[in-house]
Amino acid sequence: EIFGVPLFGMTGTLHEKIYQERGIPFVAEFYADLDYDASGKLILTRVHDAKDPAEMAERCVRAIREGEGTAEDG
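Structure below.
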């Protein structure tokens, strides 16, 4: 509130809830190289497969333009 800047952080947290209640913008973090489930939660694994850079770029563009990513199940 003092600085008047949005908070950048993990969606679905108390930070997001409080900022929204106070009318302060909240920007959810996004990881193009990680998968999300149907509810929008990160799917964290210990081993990660290599990702295609072009596909990761498409994910970033979609997240910016549409405000959403792609869930692992589509």
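FYI, my numbering numbers position 39 of the sequence shown as 34, with every residue one higher than the one before it. For each residue, glycine too, the CB sits at the ideal point set by N, CA and C.
- In the DSSP annotation of this structure, ALA52 is not part of any beta strand (DSSP E); the continuous alpha helix (DSSP H) holding it starts and ends at 48 to 61.
- Sixteen is the threshold: since fewer than 16 other Cβ atoms of the shown chains lie within 10 Å of the Cβ of ARG60, the residue is exposed.
- Bridge pairing for VAL22: PHE3 [DSSP].
- Taking a 10 Å sphere around the C-beta of ARG54, we find 16 or more other C-beta atoms and assign the residue as buried.
- PHE(-2) sits away from GLU24, with the two beta carbons spaced by 8 Å or more.
- Nearest to GLN15 by alpha-carbon distance, out of ASP28, VAL0, TYR26 and LEU29, is VAL0.
- According to the DSSP assignment, LYS12 belongs to the alpha helix (DSSP H) that extends over 9 to 16.
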